[in-house]
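Worksheet: the structure to be examined is printed underneath.
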């Protein structure tokens, strides 16, 4: 069998033979490797890379099918498409598996990668395997370490002692974003506690404004809910910084969005776990504070902010002075204020903040209304008022609206030197230290004399020791690297004295925050990336992945991109021009799970129905962003449709006929359907309405078969044209079948490299349209009419219809509503 022949010549749609034939062809001929020679415009399609925890699952089947539709469509439209793949191969699952198996994490990781790679190749993704990367390869993490050092030298990486989220089971710190479900570790579900550690951070807060403001570039190209999630996470709020003098103590700056309510402040609250609380507490209350702080270690930040959490606290025995009124305000420590919000202290205005009011009621503190909203007094109702209203009980602010009062309050504070307008953010710096082994080592050496010293660039990468395995990797409250003394102890690069390596590894989100740039020159071992290649391909034109990464990965990647731009290393400020989120794959309305007994094995589905049927099922089931319930779909039905489509190509091949005959000599009705389908699908594909594209494809297959059966025959040039379009559209989702059809039609492979049909505008003009005729709201007839028909002509035709006359019977026609050319509604009395 030659390269140009189809896999099946006996007239039977043989899925196994077709898959074996074309998988080998694509691999041998590097079909999906971009030419990168400038002969065609470039497009970069990227799927969020997988974690190698085992073989591919149904979620992978959906997500990667969606990205592949985009890549294949752009190839057909004449673009040089880069569609690379790699593995996010550092992380806890591999380390935990190594402990369990008494092995090294690399053994489990790379075995899984090989398994997944074979499955990806079988699944027929348009992958350029020459750009494959693994974040756990020294060839990759060399440059992760190099980039860390650029951040360090530019003041964007720093180390500090602070209370952090601690997972007792995984024995490592977690970023705030990795604490979910009211305080659980996102990896293992264990309740997170607090622990004070010296940790590395990236100064993502320096980019808070740009991360917010630059979302304007992404509007209309990213899902709005992702942008909303990022805006909420960054949480920019404007207000004022107010400085409160503490009697016999330091001045405390407090951020508030409502400086107009200063006259309503009746006490102050300091975060109990902030060092400020320890500095302020008097001797009488110090022991109670320490016990409270100890208890607080078992409570997550999310739990602390819950509105329904009972309010508790410790009086500090100190008083602050209201800078506008001179009133003494008692100072308390409580868990509902977070240490990293502003300065870790707030002014409490209980009449107009529910948490403050709940605290005041528990501690029997005064409640003073300063904004008249017309609602019941909060001291009596127990419900804080939040309306704008008019200021009362507020001295010279009385009678002002909220906005007027805010401006005036800031003016008063500034005049007294006790405050000024300011901006605050919910976003906190990115905590990236991890006390685990299987991650990128932080390339810093700690010297008693020189401090924090970057490992010289010519000594990168700092490799992970290869002799640690099994129980040696078990979590012990500190990194396993701390016990690798030969690796740990080194000479200081600056003074030559005794020093030690940093024993923490980086959060794996550091690896994934720049991998999309590495793909442009993935095999370059001389630099992190080739700037010329990056300028050719980036930013990414279409990114595909789950909405669960809206805050973690996507926000971090945007930060990395902006930081690298500021360092002059790249020329763009947003990494992903467009984002497509796919939904989940469910079964019976619930997420697939072994414990629920509703798991579906992807490999078994592929073996039973074939790759093309599973891919078609995934894409046709719903819009990409919606969930797919496997219980509601039919891969068996998809397989039958594919056989019908393939039969078209087989029949055209068997019929012979003149391959060079002009399609214009064929059946005009079929040609109109073909060209309208292509025209419609162009817009649908640009809008990511892939499931509707499949519906249009199915209609075209049906019309083509009907045209053949009604006498045109498979040798009709219009039938050949329609079948070629079927093969091209089918190649977006079911490439094996499409490739075989293309070969049956006598074309050189690959259909992925064929040219999209040029639509003839004349064939898009409708000769007739269907007008629906309703009597008393029920459809009684359908009429083929001219698109140019007048309302009077359409009414006359509708009333002349025999079926319509029967429906009217003896009733009186009271009204005829005409919406030419497609609707007539007859109202009878």
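In UniProt numbering, the protein residues as written are 1 to 829. No residue lacks a Cβ here, since even glycine has one placed at the ideal position from N, Cα and C.
Residues sharing a beta bridge with residue i, DSSP
| i | result |
| --- | --- |
| residue 828 | 813 |
| residue 444 | 454 |
| residue 160 | 199 |
| residue 267 | 348 |
| residue 421 | 240 |
| residue 16 | Beta-bridge pairing links residue 16 to no other residue. |
| residue 672 | The partner list for residue 672 (beta bridge, DSSP) is empty, contrary to what the question assumes. |
| residue 331 | 268 |
| residue 372 | 390 |
| residue 292 | Paired residues: none, contrary to the question. |
| residue 30 | For residue 30, which the question treats as bridged, DSSP gives no partner whatsoever. |
| residue 401 | 390 |
| residue 219 | 222 |
| residue 818 | 824 |
| residue 194 | 165 |
| residue 545 | 581 |
Option nearest residue i by Cα separation, candidates the options
| i | options | result |
| --- | --- | --- |
| residue 516 | 33, 44, 25, 22 | 44 |
| residue 547 | 150, 229, 502 | 229 |
| residue 776 | 71, 804, 769 | 804 |
| residue 503 | 441, 536, 469, 477 | 441 |
| residue 511 | 138, 274, 310 | 138 |
| residue 345 | 393, 787, 411, 280 | 280 |
| residue 815 | 797, 827, 822, 11 | 827 |
| residue 810 | 817, 825, 829 | 829 |
| residue 497 | 189, 755, 151, 449 | 449 |
| residue 199 | 607, 435, 703, 373 | 435 |
| residue 703 | 687, 726, 691 | 726 |
| residue 19 | 121, 82, 48, 534 | 121 |
| residue 38 | 15, 414, 82 | 82 |
For residue i, the first and last residue of its enclosing alpha helix (DSSP H)
| i | result |
| --- | --- |
| residue 706 | 690 to 707 |
| residue 178 | That residue, residue 178, is in no alpha helix (DSSP H); it is neither H nor E in DSSP. |
| residue 115 | 105 to 122 |
| residue 49 | Per DSSP, residue 49 belongs to no alpha helix (DSSP H) and is neither H nor E. |
| residue 67 | 58 to 76 |
Beta carbon of residue i nearer than 8 Å to that of residue j
| i | j | result |
| --- | --- | --- |
| residue 359 | residue 317 | no |
| residue 599 | residue 592 | yes |
| residue 128 | residue 80 | no |
| residue 437 | residue 480 | yes |
| residue 461 | residue 110 | no |
| residue 324 | residue 400 | no |
| residue 730 | residue 723 | no |
| residue 123 | residue 540 | no |
| residue 134 | residue 89 | yes |
| residue 544 | residue 67 | yes |
| residue 164 | residue 197 | yes |
| residue 25 | residue 749 | yes |
| residue 677 | residue 700 | yes |
| residue 795 | residue 824 | yes |
| residue 62 | residue 692 | no |
| residue 694 | residue 616 | yes |
| residue 369 | residue 269 | no |
| residue 513 | residue 560 | yes |
| residue 126 | residue 49 | no |
| residue 556 | residue 131 | no |
N- and C-terminal bounds of the beta strand (DSSP E) containing residue i
| i | result |
| --- | --- |
| residue 781 | 778 to 785 |
| residue 788 | It is not in any beta strand (DSSP E) - residue 788 carries neither H nor E in the DSSP assignment. |
| residue 582 | 579 to 582 |
| residue 499 | 498 to 501 |
| residue 145 | Here residue 145 belongs to no beta strand (DSSP E); instead the alpha helix (DSSP H) covers 138 to 153. |
| residue 256 | 251 to 256 |
| residue 318 | 313 to 321 |
| residue 772 | 769 to 775 |
Would you call the region 166 to 185 and the region 423 to 434 touching, i.e. three or more CB-CB distances under 8 Å?
-> Output reads yes: the region 423 to 434 touches the region 166 to 185.
Counting pairs of beta carbons, one from the region 104 to 116 and one from the region 38 to 54, are three or more of them closer than 8 Å?
-> yes
Taking three-plus beta-carbon pairs below 8 Å as touching, is the region 656 to 676 in contact with the region 713 to 721?
-> yes
Inspect the CB distances between the region 68 to 80 and the region 631 to 640 and report whether three or more fall short of 8 Å.
-> no
Can you find at least 3 beta carbon pairs, one from the region 570 to 587 and one from the region 611 to 629, that sit closer than 8 Å?
-> These segments touch.
Taking contact to mean at least 3 C-beta pairs separated by less than 8 Å, is the region 806 to 813 in contact with the region 701 to 712?
-> no
Counting pairs of beta carbons, one from the region 274 to 290 and one from the region 349 to 365, are three or more of them closer than 8 Å?
-> no
Sufficient close CB pairs (3 or more, under 8 Å) joining the region 92 to 103 to the region 464 to 479 = Short answer: they touch.
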